[in-house]
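A.B. asks:
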Amino acid sequence: MDARVGLLSERVLSRYEARNLRRELEERLSEASRLAFRVAYGVLRQREDAEDVAQEALARACERYGSLRDKDRFPAWLVRTTWRLALDHCRGRRRRERRELEALHAPTLEDAEAAAAANEFRRRLLTAIDALPEKLRIVLVLAGIEGHGMREIAALLALPEGTVKSRLHLARRRLLEWLR
Amino acid sequence: MSCARYAADLIEIALGRAATGEVGAHLEECAACRAEVARLVGLQSRIDEDLGALLREEPSPAFLARARQRLDEWRPERWLRRLLPVAAALAVVALGVRMLDRPNTPTPEPAPRPARVEPPAPVEAKGDVASASPREPRRVPRPAVPPAEPEVLVPKEQAELLQRLVKAMADAPMPVTSGAGGPVRLEVGRIDVPALQLGPLTVESSELKALRMENGEGAS
Numbered sequence: 202m203d204a205r206v207g208l209l210s211e212r213v214l215s216r217y218e219a220r221n222l223r224r225e226l227e228e229r230l231s232e233a234s235r236l237a238f239r240v241a242y243g244v245l246r247q248r249e250d251a252e253d254v255a256q257e258a259l260a261r262a263c264e265r266y267g268s269l270r271d272k273d274r275f276p277a278w279l280v281r282t283t284w285r286l287a288l289d290h291c292r293g294r295r296r297r298e299r300r301e302l303e304a305l306h307a308p309t310l311e312d313a314e315a316a317a318a319a320n321e322f323r324r325r326l327l328t329a330i331d332a333l334p335e336k337l338r339i340v341l342v343l344a345g346i347e348g349h350g351m352r353e354i355a356a357l358l359a360l361p362e363g364t365v366k367s368r369l370h371l372a373r374r375r376l377l378e379w380l381r
Numbered sequence: 078m079s080c081a082r083y084a085a086d087l088i089e090i091a092l093g094r095a096a097t098g099e100v101g102a103h104l105e106e107c108a109a110c111r112a113e114v115a116r117l118v119g120l121q122s123r124i125d126e127d128l129g130a131l132l133r134e135e136p137s138p139a140f141l142a143r144a145r146q147r148l149d150e151w152r153p154e155r156w157l158r159r160l161l162p163v164a165a166a167l168a169v170v171a172l173g174v175r176m177l178d179r180p181n182t183p184t185p186e187p188a189p190r191p192a193r194v195e196p197p198a199p200v201e202a203k204g205d206v207a208s209a210s211p212r213e214p215r216r217v218p219r220p221a222v223p224p225a226e227p228e229v230l231v232p233k234e235q236a237e238l239l240q241r242l243v244k245a246m247a248d249a250p251m252p253v254t255s256g257a258g259g260p261v262r263l264e265v266g267r268i269d270v271p272a273l274q275l276g277p278l279t280v281e282s283s284e285l286k287a288l289r290m291e292n293g294e295g296a297s
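In the order they appear, the protein sequences are chains S and E.
For reference, each letter of the first sequence is one residue, going 202 to 381 in my numbering.
For reference, each letter of the second sequence is one residue, going 78 to 297 in my numbering.
Right under this line is the structure:
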């Protein structure tokens, strides 16, 4: 009889925990999904691909959410997962070619000459960003996402603030050297 | 020519480092280097602007809807369900190992069987049963004490075949082929198989109705 009561209590408890986890996830979902998308977009620069990758990352993050000891580490875990998935996705040569082609033909200015120049600059910039080592690139992308200061990036990447600052500086310096 | 050695310093200054010492003195004198610093500052702004524009993209509403749908499908105990096939596979393996181990273990002596209880003979329809509603199927009362031997309910024409099969199984060892490798012979010792007990078929009225439906006779 005691065992049955114990089993029932355990069941009730696990349901209760599941409901709480679900509510927590729901609260985080809007912000987390936007972050996942932007990180993926920062690597892939193609909306559909970025959305697919972000969805996959979110699915994995949701599956693991219950086993995360520190739930505040969820965004960091999501960013790392998204980043890895996006890089994997990016490795297909055909996708890269299509992406560059789209970036090249996206009209941004009225003046065709200026648009061509802007496109050329953007193409060079994206090529330069792609050539950065991963640890510099992820810092640069996260810094480019609105609202991310050194402290937030450090928390997302589980790195000291000083390391983030020096990596960002190094990334910017390399871009200036290549694009000057 | 002397400006080239300050190239790296100019980038640092464009990124915010203070122009001090030798580089600072050079910048005060060299208009070209000051212009280069201004150009690099402009370039850095453009990089930040382009990168910021790129990363200001918003996901489509469909994306958020899909994310929400995934959350609806989310179950925290999913990993437990993933373990179920593994547990089932382990159980099958354990069962297989146990079956292969069987020939090595001595066959235990058959336990003494309890005294056989013959199933009661079908009860003849009495007048009070016949006086019941004509639509009501005849009910055969179940025996109060269940028979010690299980009843085997088979059609009459198959009863004899079944008897012969059981006898053959009892007389001869049964070869068994393992799925993994070569044939394995499992020596099944002689089994004392009693004569089959063919008992009466008792069908409840509700079951009878279902059976008729199955046979396509309609519910009448």
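Heads up, the beta-carbon is just placed ideally off N, CA and C, and yes, glycines get one too.
The model shown is predicted, which means the values in this text are computed figures rather than measured ones.
Taking only beta-carbon positions, decide if Glu126(E) is within less than 8 Å of chain S.
C.D. replies: Taking the first residue of the second sequence as 1, we reach residue 126(E) at position 49. It does not; no Cβ of chain S falls within 8 Å.
A.B. asks: Please classify Glu134(E): does DSSP put it in a helix, a strand, or coil?
C.D. replies: For this step, residue 134(E) is matched to residue 57 along the second sequence. Glu134(E) sits in coil when the DSSP states are folded into three classes, being neither helix nor strand.
A.B. asks: Which residues in chain S have a C-beta closer than 8 Å to the C-beta of Pro162(E)? List them in chain order.
C.D. replies: On the second sequence, position 85 is the one that residue 162(E) refers to. Result: empty, since nearest Cβ-Cβ is about 17 Å, beyond 8 Å.
A.B. asks: Please state the DSSP three-state secondary structure of Ile346(S).
C.D. replies: Indexing the first sequence from 1 puts residue 346(S) at position 145. Residue state, collapsed to three classes: coil.
A.B. asks: If you follow the alpha helix (DSSP H) that Leu380(S) is in, where does it begin and where does it stop?
C.D. replies: Counting from one through the first sequence, the residue named residue 380(S) turns up at place 179. Segment 362 to 380, the alpha helix (DSSP H) holding Leu380(S).
A.B. asks: For Ser234(S), which three-state DSSP category applies?
C.D. replies: Here residue 234(S) is taken as the residue at index 33 of the first sequence, counted from 1. Here Ser234(S) sits in helix by DSSP.
A.B. asks: In angstroms with no decimal places, state the Cα-to-Cα distance between Ala237(S) and Arg229(S).
C.D. replies: Indexing the first sequence from 1 puts residue 237(S) at position 36. Indexing the first sequence from 1 puts residue 229(S) at position 28. Those two C-alpha atoms are separated by around 12 Å.
A.B. asks: What did DSSP end up calling Thr97(E) once you bin it into helix, strand or coil?
C.D. replies: Position 20 of the second sequence, counted from the first residue, corresponds to residue 97(E). If DSSP states are grouped into helix, strand and coil, Thr97(E) belongs with coil.
A.B. asks: Quick check on Cys107(E): does DSSP put it in helix, strand or coil?
C.D. replies: Position 30 of the second sequence, counting from 1, holds the residue named residue 107(E). DSSP places Cys107(E) in coil when its eight states are reduced to three.
A.B. asks: Can you tell which of Leu358(S), Leu376(S), Lys336(S) has the C-alpha that lies nearest to the C-alpha of Thr328(S)?
C.D. replies: Mapped onto the first sequence, residue 328(S) falls at position 127. The option with the nearest alpha carbon to Thr328(S) is Leu376(S).
A.B. asks: Have a look at Asp273(S), Thr283(S), Glu314(S) and flag the residue whose alpha-carbon is nearest the alpha-carbon of Leu245(S).
C.D. replies: Here residue 245(S) corresponds to residue number 44 of the first sequence, with the count starting at 1. Nearest of Asp273(S), Thr283(S), Glu314(S) to Leu245(S), Cα basis: Thr283(S).
A.B. asks: Ala142(E): which of Lys272(S), Glu227(S), Ile339(S) sits nearest, CA to CA?
C.D. replies: Here residue 142(E) is taken as the residue at index 65 of the second sequence, counted from 1. If we check each option's Cα against that of Ala142(E), Glu227(S) comes out closest.
A.B. asks: So which residues of chain E does Glu347(S) contact, with C-beta pairs closer than 8 Å?
C.D. replies: Locating residue 347(S) in the first sequence gives position 146, counting from the first residue. Ordered by position in chain E, the residues that pass the 8 Å Cβ test against Glu347(S) are Gly129, Leu132, Arg133.
A.B. asks: Taking Trp379(S) as the reference, which of Cys263(S), Leu326(S), Ala316(S), Met351(S) has the closest Cα?
C.D. replies: Position 178 of the first sequence, counted from the first residue, corresponds to residue 379(S). Trp379(S) has its Cα closest to that of Leu326(S), out of Cys263(S), Leu326(S), Ala316(S), Met351(S).
A.B. asks: If you run the structure through DSSP and keep just helix, strand and coil, what is Pro334(S)?
C.D. replies: Start at 1 with the first residue of the first sequence, and residue 334(S) comes out as number 133. Residue state, collapsed to three classes: coil.
A.B. asks: Please name the residue in Leu132(E), Arg94(E), Glu99(E), Gly129(E) whose C-alpha comes closest to that of Leu117(E).
C.D. replies: Against the second sequence, residue 117(E) aligns to sequence position 40. The shortest Cα separation from Leu117(E) among Leu132(E), Arg94(E), Glu99(E), Gly129(E) belongs to Arg94(E).
A.B. asks: Between which two residues does the alpha helix (DSSP H) harbouring Arg80(E) extend?
C.D. replies: Counted from its first residue, the second sequence places residue 80(E) at position 3. For the record, residue 80(E) in the displayed sequence is Cys; it is not Arg. It is not in any alpha helix (DSSP H) - Cys80(E) carries neither H nor E in the DSSP assignment.
A.B. asks: Less than 8 Å between CB atoms is the rule here; does Val244(S) satisfy it with respect to chain E?
C.D. replies: Residue 244(S) sits at position 43 when you count from the first residue of the first sequence. Chain E, which has no Cβ nearer than 8 Å to the Cβ of Val244(S), makes this no.
A.B. asks: Compare the beta carbon distance of Ser234(S) and Pro136(E) with 8 Å and say whether it is the shorter of the two.
C.D. replies: Walking along the first sequence from the start, residue 234(S) turns up at place 33. Walking along the second sequence from the start, residue 136(E) turns up at place 59. Yes; because the gap between Cβ atoms is below 8 Å, this pair is in contact.
A.B. asks: Kindly say whether Leu208(S), judged by its beta-carbon, lies nearer than 8 Å to any beta-carbon of chain E.
C.D. replies: Mapped onto the first sequence, residue 208(S) falls at position 7. Because the pLDDT of Leu208(S) is 46, which lies under 50, any placement of that residue in the model is unreliable, and the number read from its coordinates should be weighed accordingly. Chain E contact via Cβ: absent.
A.B. asks: Check each candidate in Gly345(S), Arg381(S), Leu341(S) and name the one with the smallest Cα separation from Thr364(S).
C.D. replies: As a position in the first sequence, residue 364(S) is number 163, starting the count at 1. The residue with the shortest Cα to Cα distance from Thr364(S) is Leu341(S).
A.B. asks: Closer than 8 Å, Cβ to any Cβ of chain E: which residues of the stretch 223 to 241 of chain S, in chain order?
C.D. replies: Going along the stretch 223 to 241 of chain S in chain order, one finds Arg223, Leu226, Glu227, Leu230, Ser231, Ser234, Arg235, Phe238, Arg239 with a Cβ nearer than 8 Å to chain E.
A.B. asks: Measure the Cβ-Cβ separation of Gly129(E) and Gly345(S) and say whether it is below 8 Å.
C.D. replies: The sequence position of residue 129(E) within the second sequence is 52, counting from 1. The sequence position of residue 345(S) within the first sequence is 144, counting from 1. Contact check for Gly129(E) against Gly345(S) passes: the beta carbons are separated by less than 8 Å.
A.B. asks: Taking Glu120(E) as the reference, which of Ala91(E), Arg133(E), Gly98(E) has the closest Cα?
C.D. replies: Here the question's residue 120(E) lines up with position 43 in the second sequence. Correcting the residue identity first, residue 120(E) is Leu in this sequence and not Glu. Comparing Cα positions, the closest option is Ala91(E).
A.B. asks: Leu380(S) versus chain E: which residues are under 8 Å apart at the beta carbon?
C.D. replies: Start at 1 with the first residue of the first sequence, and residue 380(S) comes out as number 179. Leu120, Ile124, listed in chain order.
A.B. asks: With distance defined between alpha-carbon atoms, name the residue in Arg123(E), Ser79(E), Glu291(E) nearest to Leu104(E).
C.D. replies: Mapped onto the second sequence, residue 104(E) falls at position 27. When each option's Cα is compared against that of Leu104(E), the closest is Ser79(E).
A.B. asks: Please report whether the beta-carbon of Val365(S) lies at a distance below 8 Å from any beta-carbon of chain E.
C.D. replies: In the first sequence, the residue the question calls residue 365(S) occupies position 164. No, its Cβ sits nowhere closer than 8 Å to a Cβ of chain E.
A.B. asks: Closest by CA to Glu353(S), which one among Val280(S), Arg374(S), Ala255(S)?
C.D. replies: The residue you call residue 353(S) lines up with position 152 of the first sequence. It is Val280(S) whose Cα lies nearest to the Cα of Glu353(S).
A.B. asks: Check whether chain S comes within 8 Å of Ile90(E), counting only Cβ atoms and requiring the distance to be less than that.
C.D. replies: As a first step, residue 90(E) is located in the second sequence; it is residue number 13 there, counting from the start. Chain S, which has no Cβ nearer than 8 Å to the Cβ of Ile90(E), makes this no.
A.B. asks: Would you mind giving the Cβ-Cβ distance between Arg324(S) and Ile330(S), rounded to the nearest angstrom? I have them listed as a contact below 8 Å.
C.D. replies: Within the first sequence, residue 324(S) is the residue found at index 123, counting from 1. Within the first sequence, residue 330(S) is the residue found at index 129, counting from 1. In fact, because the Cβ distance is near 11 Å, the residues do not count as touching under 8 Å.
A.B. asks: With 16 as the cutoff for other CB atoms within 10 Å, does Glu106(E) come out buried or exposed?
C.D. replies: In the second sequence, residue 106(E) corresponds to position 29, counting from 1. Label assigned to Glu106(E): exposed.
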